[in-house]
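Residues 327 to 513 in the numbering used here are what the sequence shown spells out, letter by letter.
By construction, the Cβ of each residue, glycine as well, lies at the ideal position given by its N, Cα and C atoms.
Values in this document were obtained by computation on a predicted structure and should not be read as measured data.
Accompanying notes for the structure given below.
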Amino acid sequence: MVKRKSISNFILIIIGAASILLFTSFSDNQLSLDGKIIDTLPDNSFNNANYIAMDINGEPLYTIKSPLMKHFYKDDTIITKSPNILLFREGKPPTKIVSGMGSIAYKRNNIKLFNGVRMFFIDKKDDPVLKLNTDEIYIYLDHQLAVTEKKVTIKKLYSSLKGVGMKSSLELGEFVLFTETEGKYIE
327 MVKRKSISNF ILIIIGAASI LLFTSFSDNQ LSLDGKIIDT LPDNSFNNAN YIAMDINGEP
387 LYTIKSPLMK HFYKDDTIIT KSPNILLFRE GKPPTKIVSG MGSIAYKRNN IKLFNGVRMF
447 FIDKKDDPVL KLNTDEIYIY LDHQLAVTEK KVTIKKLYSS LKGVGMKSSL ELGEFVLFTE
507 TEGKYIE
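Now the structure itself:
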């Protein structure tokens, strides 16, 4: 009788251990997280938002209008949907930029825009508008620098320029395309 109890206890222990191993294996498969599917919740979310960034003297650096704006304190970023941005330059007309999405690192004064970026640049008040189209652009506000590695199309009056990759000084009004450059110039 005792031998039978010990065998049944031993079998129960083996079944229990096997079920624990199977359960932990199953739960590991079920509870594994993929970083791609994690969506961080914003600290603040705004509909039809207007954002104005100013320097220490109270002069506006840029404004953003967006139908949806999400603010994340941890990263010091603002994510915007369909942002409409005005970049201000001292003594010059503002540069208007619109895109499908945008990310603004407001403490680092950097802006990343993507999904159909369109920039409208005027160097002097009476100059014609320079229109720039690309898929993605980074703007470094401290240096008034715009950079992209994507295809770029620039049009001004009847002239046009196309290429891949660009560096632009918004302060000086210079636009330099890197590769696959082609275009036409008409006065």
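For the putative contact between asparagine 435 and serine 425, defined by C-beta atoms under 8 angstroms, what is the C-beta separation to the nearest angstrom?
With a Cβ gap of about 18 angstroms, asparagine 435 and serine 425 do not count as contacting.
To the nearest angstrom, report how far apart leucine 483 and glycine 499 are at their CA atoms.
Answer to the nearest angstrom: the Cα atoms are 16 angstroms apart.
Could you tell me the alpha carbon to alpha carbon distance between isoleucine 423 and isoleucine 346, rounded to whole angstroms?
59 angstroms
Can you tell me which of Ser486, Ala343, Ile480 puts its alpha carbon nearest to the alpha carbon of methionine 445?
Ile480
Going by the CB atoms, is the gap between lysine 438 and glycine 428 shorter than 8 angstroms?
Going by C-beta atoms, glycine 428 is nearer than 8 angstroms to lysine 438.
Taking the straight line between their C-alpha atoms, what separation do you get for glutamate 462 and leucine 471?
14 angstroms
Beta-carbon contacts of lysine 391 that lie in its chain and below 6 angstroms, excluding the five residues immediately before and after
Asn376, Asn410
Closer than 6 angstroms by C-beta to aspartate 381: which residues in its own chain qualify, once you throw out the five before and the five after it? Chain order, please.
Leu387
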